[in-house]
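A.B. asks:
Number of protein chains: 2
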Amino acid sequence: MRVRLEDVARKAGVSPKTVSRVLNDEANVSESTRQRVRAAMEAMDYRPLPSARSLAGNRSFVVAMLYDNNDNPASTYLAEIQDGVLEACDEHRYSMMVRPLRMRGDEFVRRLDALISDHHPEGVVLTPPITDYEPLLRRLKERNLPYASVSPLQHDGAIGVAMDEQEAARAIVGHLLQLGHRRIAHVVGIADHGASRWRLAGYREAIADAGIGEDPALVVQGAFTFSSGVAAAHELFALKERPTAVFAANDDMATGVMWAAGEYGMKVPHDLSVCGFDDSPLACQLWPALTTVRQPSREMGKIAAQQLLNVLRGQGGGRLVQIPFALQIRESTAAAP
Amino acid sequence: MRVRLEDVARKAGVSPKTVSRVLNDEANVSESTRQRVRAAMEAMDYRPLPSARSLAGNRSFVVAMLYDNNDNPASTYLAEIQDGVLEACDEHRYSMMVRPLRMRGDEFVRRLDALISDHHPEGVVLTPPITDYEPLLRRLKERNLPYASVSPLQHDGAIGVAMDEQEAARAIVGHLLQLGHRRIAHVVGIADHGASRWRLAGYREAIADAGIGEDPALVVQGAFTFSSGVAAAHELFALKERPTAVFAANDDMATGVMWAAGEYGMKVPHDLSVCGFDDSPLACQLWPALTTVRQPSREMGKIAAQQLLNVLRGQGGGRLVQIPFALQIRESTAAAP
DNA sequence: GACAGGAATGACAGCGCTGTCAATTCGCTG
DNA sequence: CAGCGAATTGACAGCGCTGTCATTCCTGTC
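Chain order of the listed sequences is A and B. Following my numbering, the numbering of the first sequence begins with 784 at its first residue and continues without gaps. Following my numbering, the numbering of the second sequence begins with 784 at its first residue and continues without gaps.
1) Tell me the DSSP bridge mates of Gly943/B?
2) Determine whether the Cβ of Gly1045/A lies closer than 7 Å to any Cβ atom of chain B.
3) What residues from chain B crowd round Phe1009/A, counting only those whose CB sits closer than 8 Å?
4) What does the alpha-carbon distance come out to for the pair Glu1018/A and Val1003/A?
5) To the nearest whole angstrom, what separates the beta carbons of Ala1008/A and Asp1034/A, a pair I think is in contact under 8 Å?
6) Start and end of the alpha helix (DSSP H) containing Ala1014/B?
7) Strictly below 9 Å CB to CB, what residues from chain B border Ser900/A?
8) Taking the alpha helix (DSSP H) that Met827/A falls in, what are its first and last residues?
9) Are the C-beta of Met824/A and some C-beta of chain B separated by less than 7 Å?
10) Assign Pro1064/B to one of three DSSP states: helix, strand, or coil.
11) Using the C-alpha atoms, what's the distance from Leu1092/B back to Gly994/B?
12) Kindly list, in the order they appear in chain B, the residues whose Cβ is closer than 8 Å to that of Asp866/A.
13) Rounded to whole angstroms, what's the CA-CA distance from Met1083/B to Val944/B? Just pull it up for me.
14) Using 10 angstroms around the beta-carbon of Gln1105/B, count the other beta-carbons present and answer buried if the total reaches 16, otherwise exposed.
15) Report the residues of the region 1070-1083 of chain A with a CB closer than 7 Å to any CB of chain B, ordered along the chain.
16) Run through chain A and tell me which residues come within less than 9 Å of Val1013/B, C-beta to C-beta.
17) If you follow the alpha helix (DSSP H) that Val786/A is part of, which residue opens it and which one closes it?
18) With C-beta atoms as the reference, is Leu1001/A less than 7 Å away from Ala968/A?
19) Which residues in chain B sit within 7 Å of Leu1055/A, going by Cβ to Cβ distance?
20) Name the residue from Val970/A, Ala1037/A, Ala1021/A whose alpha carbon lies nearest to the alpha carbon of Gly1005/A.
21) With DSSP as the reference, label Gln1078/B as helix, strand or coil.
22) Since Pro929/A and Leu1095/A should fall inside the 8 Å C-beta cutoff, what is the C-beta to C-beta distance between them, to a whole number of angstroms?
23) Pick from Cys1058/B, Pro935/B, Thr816/B: whose alpha carbon is nearest that of Val908/B?
24) Secondary structure at Arg876/A, three-state DSSP: helix, strand or coil?
25) Whose C-beta lies closer than 6 Å to the C-beta of Trp981/A among residues of the same chain, with five residues either side of it excluded?
26) Using only CA atoms, which one of Gly1059/A, Trp1070/A, Gln1089/A lies nearest to Arg1077/A?
27) DSSP three-state call for Ile995/B: helix, strand or coil?
28) Looking only at its chain, what residues have a beta carbon closer than 7 Å to the beta carbon of Pro911/B, apart from the 5 residues adjacent to it on each side?
29) Span of the beta strand (DSSP E) holding Leu1110/A?
30) Looking only at its chain, what residues have a beta carbon closer than 8 Å to the beta carbon of Lys776/A, apart from the 5 residues adjacent to it on each side?
31) Assuming contact is defined by CB atoms lying nearer than 7 Å, are Ser1080/B and Tyr860/B in contact in what I supplied?
32) On the CB-based measure, 16 or more other CB atoms within 10 Å of its CB, does Pro999/A come out buried or exposed?
33) Answer yes or no: the CB of Ile864/B versus the heavy atoms of the ligand ZN, is any distance below 6 Å?
34) I'd like to check one pair, Val1057/B with Ala1032/B: are the Cβ atoms closer than 7 Å?
35) Can you give me the C-alpha to C-alpha distance between Val845/A and Asp915/B, rounded to a whole angstrom?
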């Protein structure tokens, strides 16, 4: 039969309650007792039964990761975040549920409520682009559910993890400027995603800092997909005066731009420099390998989950961790022609 | 306070045990009673507490989806399967855990055992390429854990879902033959993945049926990634007699082939026909859009999970569901030059 | 050395459900 | 209409843990 808490207690010569205290890292257990109990647990390979803990303690040990499956192209990004969240949960013997949530309409409220009453998560991890969807945040607060976000737009009071994307965008455009480029285009992502805004803002800032007047024709709309990158590039290459460099708001679009360059007989990076954002697996598989900004998605998922768990375990507040960005300079960018 | 089973019982005028019977679809409840109880549940919006059900009934209502994070390039494929599994679980109020499992070495046994003793899944869903990893299957059997597979290699006794990939590969090569191609190359996937074997076998069968002797130079090794497709294409284009069509074992590699064609100044489909396999999101974003075989991953995940749940719920055995394939003829294939 | 006050430990009930088995009702048959 | 087996229902204990509160054990103080 399975080893129960009671068995551990008997072996350690203490009451079940004391074992429970050790299990839950509670205070008021003498160090010697704690050690003895830990040893007994170890020796018997004791694993607490989650359902019993949940029932008696009125907690679920479940964290839910919410994502929008409405218009989310970069599923590899989500998969990585998920891996990170899972890793953090494992460390504290929490379990992770993933839940897609279509954000249009009010439907999501019913789905969220169903999630809560069916699975009782203790907290949730929010992923882009739903880190700042007000109706959702409101509902979470009403239901008194703690949450942590990966790359939230609003930083006031949020907990989770964020990278300074604007600064990163500025830096990568700075890299292009340094190579002598003056006509630098930007392919924007889906309009209301935070990522799109920051990256655009960083682009503008860099251009302005260099004393170059912004040419509106060089900023074209994309949608984070490969094909939208191709389309955007067609638009740019149709200009009388073509850009010599393109900064796309993510790697998929950058790949589309490179593709289109091929169609137009332009060699990358000789005739055109291209850079992206995210450092997706694709980036270093391409030829030439893509210059981009590294987003450590997995790490970010892990950090966000850790902050949430800090809150859940009452280990002091949980905060918004800022992580540094890193440019990945590869072969797709070179001196201006 | 939350509504408990006892409250429902009182409202319906029956004993708690009877409500429990209705909740679990047990036999020997009169139709009228069943209806009355159902109505009471509905009216009170009763949601059973999973932990209490688990503790008392010694079941967990958890299904684990296992995947290999060792060398798995197509994470978008996994994400879709995951969505399908989740959907099936939701229908029966089961919850889903996802677990990466590195398959090299014996480490995975420890990790699997930890998963089992920490979370007590009632069954697992296996995804390619770990549907046929003997040490894993053995351990699952030892632990008496039912499993269902998505696209298992061995069909004997397995339950889950499968598509006739060999027949599909044969059909898509047939499509190329019909267009008049005679020098048709094949880019193979990672060697020991079932998918690679089937697709290669289908290719061979089609070539043989057409009475064309197989040219070993036209079969090159790839690794399911974009860059391996590029490399494979380079190899093919270096031949004295280039192929007029390439069938890559997945869409990523096909995209790589198209990329390489551009580098060599070949126009697809005018100078070279290219087709892939999977119908990944990428396929119809490309220009020209890729001819490929549709793999309904989401649907397949759902079906596999349903078969597993049939077993878990004692609803008759669970079987291996064969689903039909469908060619997606798009713009990347045309008559031989 | 007696005692206060906090730290450490334990006894016990009960979380919300299901398994077991006994009790009751029902539908037939002769 | 008595009598029997099958279908239906219910009483009750208990799953493995934790919350509450009582008890015991320290430590330091005058």
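Here a beta-carbon is modelled for each residue, glycine too, at the ideal position from N, C-alpha and C.
C.D. replies: On the basis of the data shown:
1) Ser932/B, Leu1103/B
2) yes
3) Leu1065, Gln1068, Leu1069
4) 8 Å
5) A small correction: the amino acid at residue 1008/A is Thr; Ala does not occupy that position in the sequence shown. Contact flag wrong, Cβ pair sits at about 11 Å.
6) 1009-1020
7) Arg785, Asp828, Arg830
8) 814-827
9) no
10) helix
11) 46 Å
12) Asn852, Pro883
13) 6 Å
14) exposed
15) Trp1070
16) Gln1068, Leu1069, Trp1070
17) It is not in any alpha helix (DSSP H) - Val786/A carries neither H nor E in the DSSP assignment.
18) yes
19) Simply none; closest approach about 14 Å.
20) Val970/A
21) coil
22) 7 Å
23) Pro935/B
24) coil
25) Glu948, Gln949
26) Gly1059/A
27) coil
28) Val933, Ser934, His976, Gly977, Ala978
29) 1109-1111
30) In the structure displayed, chain A extends from 784 to 1120; residue 776/A sits before or after that span and is not available.
31) yes
32) exposed
33) Of the ligands one can find in the structure shown there are none, so the ligand ZN has no counterpart to examine.
34) no
35) 31 Å
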